[in-house]
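Visitor:
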Amino acid sequence: MDRYRVIQLSLGLALAAVVVGTVLLAPGGSPRDVPEQIERATPDPTTEEVHFDPTLPIEVDMKVNYSLVMTIDGIRVPEDQVDFSAATGKYVFRPGEAQVVERWSAGRHTVFIEWDTLTGLADPGQFVWRFQIKG
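Structure follows, in structure tokens:
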């Protein structure tokens, strides 16, 4: 009978270790809601993704008829450094020479965007998200 207790105790401890490990290592929180004005963005704003590309572009696909101002790590990105397609509402910042960001450093980065409509009724808003670059 002692042998069965040892086996049961071992299995119980193994199960407890799996539960504790899952709770500690699982990503926390629920996916973030992205405002309806943003059709798509990369890096994905619903999760704090980890990337390995130091030249990863920031892409924001807004609904058509929206203007956008982008701030990265507290530095406002000049309009001439953001490619914009009026037909699709897509804004793209690519790190590179003579850009606000030449290469992403390893660590966490913050993207803050503000928008409003180009014509018609005002519809201002803002959104912030983070992503990580592994060195």
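Each residue of the sequence shown is one higher than the one before, counting from 60 in this note's numbering. By construction, the Cβ of each residue, glycine as well, lies at the ideal position given by its N, Cα and C atoms.
Near F190, which residues of its chain fall below 7 angstroms by C-beta distance, leaving aside the five closest residues on each side in sequence?
Guide: Sequence index remark: in the sequence shown, residue 190 carries index 131 (1-based). P102, E107, E108, H110, H168.
Visitor: Work out the CA separation of T147 and R131 for me, nearest whole Å.
Guide: Working through the sequence shown from its first residue, we reach residue 131 at position 72. Working through the sequence shown from its first residue, we reach residue 147 at position 88. The sequence given here has Ile at residue 131, not Arg. Going from the Cα of I131 to the Cα of T147 covers about 22 angstroms.
Visitor: Counting only the same chain and skipping the five closest in sequence on each side, list residues whose C-beta sits under 7 angstroms from that of D139.
Guide: For this step, residue 139 is matched to residue 80 along the sequence shown. Answer for D139: no residue qualifies.
Visitor: Quick one, are the C-beta atoms of V128 and E173 less than 9 angstroms apart?
Guide: By one-based count along the sequence shown, residue 128 stands at place 69. By one-based count along the sequence shown, residue 173 stands at place 114. Yes, they are a contact pair.
Visitor: Going by C-alpha distance, which of G194, V141, R62 is nearest A165?
Guide: What you label residue 165 is simply residue 106 of the sequence shown in a count that begins at 1. Closest by alpha carbon: G194.
Visitor: Can the beta-carbon of F171 be found less than 9 angstroms from the beta-carbon of P104?
Guide: Here residue 171 is taken as the residue at index 112 of the sequence shown, counted from 1. Here residue 104 is taken as the residue at index 45 of the sequence shown, counted from 1. Contact flag unset, no.
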